[in-house]
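Working notes for the structure below.
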Amino acid sequence: MSERWTPQSWRSRPIQQSPVYPDEKALNDVEATLATFPPLVFAGEARKLKRQLAKVAAGEAFLLQGGDCAESFAEHGADNIRDFFRVFLQMAVVLTFAGSSPVVKVGRIAGQFAKPRSAPTEKVGEIELPVYRGDIVNGTEFTAEARIPDPRRQLEAYRQSAATLNLLRAFASGGYANLAHVHQWMLGFVKDSPQSSKYQALAERITETLDFMRACGIDPELHPEMRITDFYTSHEALLLGYEQAMARIDSTSGDPYATSGHFIWIGDRTRQLDHAHVEFFRGVKNPIGLKCGPSLKPDELIKLIDILNPENEPGRLTLIARFGHDKVEQHLPELIRAVKREGRSVVWSCDPMHGNTVKAMNGYKTRPFDQITGEIKSFFAVHQAEGTYAGGLHLEMTGKNVTECTGGARAVSEADLADRYHTHCDPRLNAEQAIEVAFMVADLVKKERSGQVKPSIIAAE
């Protein structure tokens, strides 16, 4: 990997999960057009996120990352974006207040359009067609025409990402993120929840804190820290032609950045050492993530870290563990020990979704809530035992009241799945389930941050 990196050097490497476009000229034209478009995010924002993630690596903050499994063109709208942002802010407030820890907020949004798949085709009856790979590639309809990869979809993905980002920036800085507003939403959730007594104490503590501030003459409306927030975007950078077209050289530093999102990650299916995705990622200066599944061995992980973060820069690399609730204790400790032994600075984050997907008796894909929370608890327990920090949480979730994951306070059953099963890909936590997870994780974070655990790797400032 010592040869010179360029935004297109990945093209000489083997690649997984890459769609085959029948019209190569149309693809080239779209990529050339994208290369002339303005960046979606700015290098300075990515650097700021990296600094905040360095604090997570040092055990001084917590990473909350979440959003849709796969964004869709059809469901794009202000209400959906608002509902997601609203729930995400509530989760962040719970984690900040109950967990006594600053929260770095990163959405799976404004770019999460491409999906890796376990098979290149799918069969319905006697008909076999190319698999749906996300709206940026092809359509969900089970027809031969819809499943043909269409490069023009990349232009629509850019436009939708830009519109989503515009609204998110307005929400984050225009007063919608005001702590007092978020608290009022929280009071509504607590009142309506079947487990309201469990959450009432925290809600009352926040009320008392806000009342005390006002009594001291501190008006939340006048303090930017209380009414604006930093919010970043992320996605799996699967479609490398699109990512290359969106790569830009930062005018202030001269460094290359992926401007399709603040934070991008490599999936568990595309992390081969000598393949295209690792090659592209090693050159861009954004903070990046690496999904770590059961097949990843410690020596391979260290080699990947050598390639992706050779300078051991704090905040550069987040390792996103996704094993399954019953495999965490088998696989995670050896990875942690290898990273600790080599003295590498990373953020450890837990993805409790992808290893816990099952098929219900009625044919729906689902994720049992107790398995999701079980993986999170095991993740924290392993870090406690190893003397390292459980630094983050990576969720597939929505702001809507869907019925896709079984369990939770309202005990969604397999029979309930058909009621509001709206996902285009994998099952997501609904709004109530996501906030439930936040309350549970806040308790775990508070225990971890109470001083019982000291970080093994302290990120240098």
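Per numbering that gives the first Met the number 0, the sequence shown starts with residue 0, numbered consecutively. Glycine included, each C-beta is placed from N, C-alpha and C at the ideal position.
| Nearest-angstrom Cβ-Cβ length linking Asn-308 and Leu-316, presumed shorter than 8 Å | Confirmed, about 4 Å.
| request: On the DSSP bridge assignment, give the partners of Met-396 in chain order. | output: Under DSSP, the beta-bridge partners assigned to Met-396 are Leu-428.
| request: Take the Cβ of Lys-49 as the centre, count every other Cβ of all protein chains shown within 10 Å, and call the residue buried at 16 or more, exposed below. | output: Buried, since its Cβ has 16 or more Cβ neighbours within 10 Å.
| Nearest-angstrom Cα distance between Arg-12 and Glu-2? | When rounded, the separation of the alpha-carbon atoms in Arg-12 and Glu-2 is 13 Å.
| message | If you reduce the DSSP assignment to three classes, tell me which class Phe-262 lands in. | response | In the structure shown, Phe-262 sits in a strand (DSSP, three-state: E or B).
| request: Name the residue from Pro-101, Asn-177, Ala-408 and Gly-354 whose alpha carbon lies nearest to the alpha carbon of Tyr-198. | output: Of Pro-101, Asn-177, Ala-408 and Gly-354, the residue nearest in Cα terms is Ala-408.
| field | For Phe-61, the first and last residue of its enclosing beta strand (DSSP E) | value | If you look at Phe-61, you'll find it in the beta strand (DSSP E) that goes 61-66.
| Where the alpha helix (DSSP H) containing Ser-196 begins and where it ends | Element bounds for Ser-196: 195-214.
| task | Go to Ala-246, then tell me how far its beta strand (DSSP E) extends in each direction, as first and last residue. | result | Per DSSP, Ala-246 belongs to the beta strand (DSSP E) from 246-248.
| Leaving out five residues before and five after Ser-8 in sequence, what residues of the same chain have Cβ atoms less than 7 Å from its Cβ? | Around Ser-8: Glu-278.
| query | DSSP state of Pro-6, grouped into three classes? | reply | Correct three-state label for Pro-6: coil.
| field | Reference Asp-134; option with closest CA among Gly-124, Ser-377 and Ser-160 | value | Ranking Gly-124, Ser-377 and Ser-160 by CA distance to the CA of Asp-134 puts Ser-160 first.
| query | Along the chain, where does the alpha helix (DSSP H) that runs through Tyr-131 open and close? | reply | No alpha helix (DSSP H) holds Tyr-131; DSSP gives it neither H nor E.
| Where Ser-100 falls, given that 16 or more other Cβ within 10 Å makes a residue buried | Counting the other Cβ atoms within 10 Å of the Cβ of Ser-100 gives 16 or more, which makes it buried.
| query | If you compare alpha carbons, which of Thr-269, Leu-201, Phe-438 and Cys-349 is closest to Ser-117? | reply | Out of Thr-269, Leu-201, Phe-438 and Cys-349, Thr-269 has the C-alpha closest to the C-alpha of Ser-117.
| Can you list, in chain order, the residues of its chain whose CB lies under 6 Å from that of Gln-370, leaving out five sequence neighbours each side? | Only His-324 and Asn-355 meet the Cβ criterion.
| So, is Met-360 buried or exposed, given that buried needs 16 or more other C-beta atoms within 10 angstroms? | Met-360 comes out exposed.
| query | Which residues bound the alpha helix (DSSP H) around Val-86? | reply | It spans 77-98 - the alpha helix (DSSP H) in which Val-86 sits, taken as one unbroken run.
| Could you give the distance in angstroms between the alpha-carbon of Val-440 and the alpha-carbon of Ala-77? | About 29 Å.
| said: If you reduce the DSSP assignment to three classes, tell me which class Tyr-231 lands in. | reply: Here Tyr-231 sits in strand by DSSP.
| query | Hey, would you say Gly-260 sits closer than 8 Å to Gly-110, going by beta carbons? | reply | Their beta carbons are under 8 Å apart, which means Gly-260 touches Gly-110 by this criterion.
| message | Between which residues of its own chain and Ile-304 is the CB-CB distance below 6 Å, once the five residues before and five after are set aside? | response | Arg-343.
| said: Under DSSP, the beta strand (DSSP E) around Ala-320 begins and ends at which residues? | reply: Counting along the chain, the beta strand (DSSP E) containing Ala-320 begins and ends at 316-320.
| Among Pro-332, Phe-141 and Gly-98, which one has its Cα closest to the Cα of Glu-126? | The question names Glu, but residue 126 is Ile in the sequence shown. For the residues Pro-332, Phe-141 and Gly-98, the minimum Cα distance to Ile-126 belongs to Phe-141.
| task | Check whether the Cβ atoms of Ala-34 and Ala-244 sit closer than 8 Å, and answer yes or no. | result | Their beta carbons are under 8 Å apart, which means Ala-34 touches Ala-244 by this criterion.
| query | Cβ atoms of Val-86 and Ala-430: under 8 Å apart, would you say? | reply | In this structure, Ala-430 places its C-beta atom within 8 Å of the C-beta atom of Val-86.
| task | Return the CA-CA distance between Pro-21 and Asp-149, expressed in angstroms with no decimal places. | result | Each residue's CA atom was taken as its position, placing Pro-21 and Asp-149 some 8 Å apart.
| message | Assuming Val-283 is part of the beta strand (DSSP E), what are its boundary residues? | response | Element bounds for Val-283: n/a, residue is neither H nor E.
| request: Counting only the same chain and skipping the five closest in sequence on each side, list residues whose C-beta sits under 7 Å from that of Ala-459. | output: Residue confidence is low: Ala-459 scores 31 on pLDDT, short of 50, so the model does not pin down where it sits. Its coordinate-derived value is still stated next. Result list for Ala-459: Pro-313, in chain order.
| message | Would Ser-348 and His-276 qualify as a contact pair, given that the criterion is a beta-carbon distance under 8 Å? | response | With a cutoff of 8 Å on beta-carbon distance, Ser-348 and His-276 are scored as not near each other.
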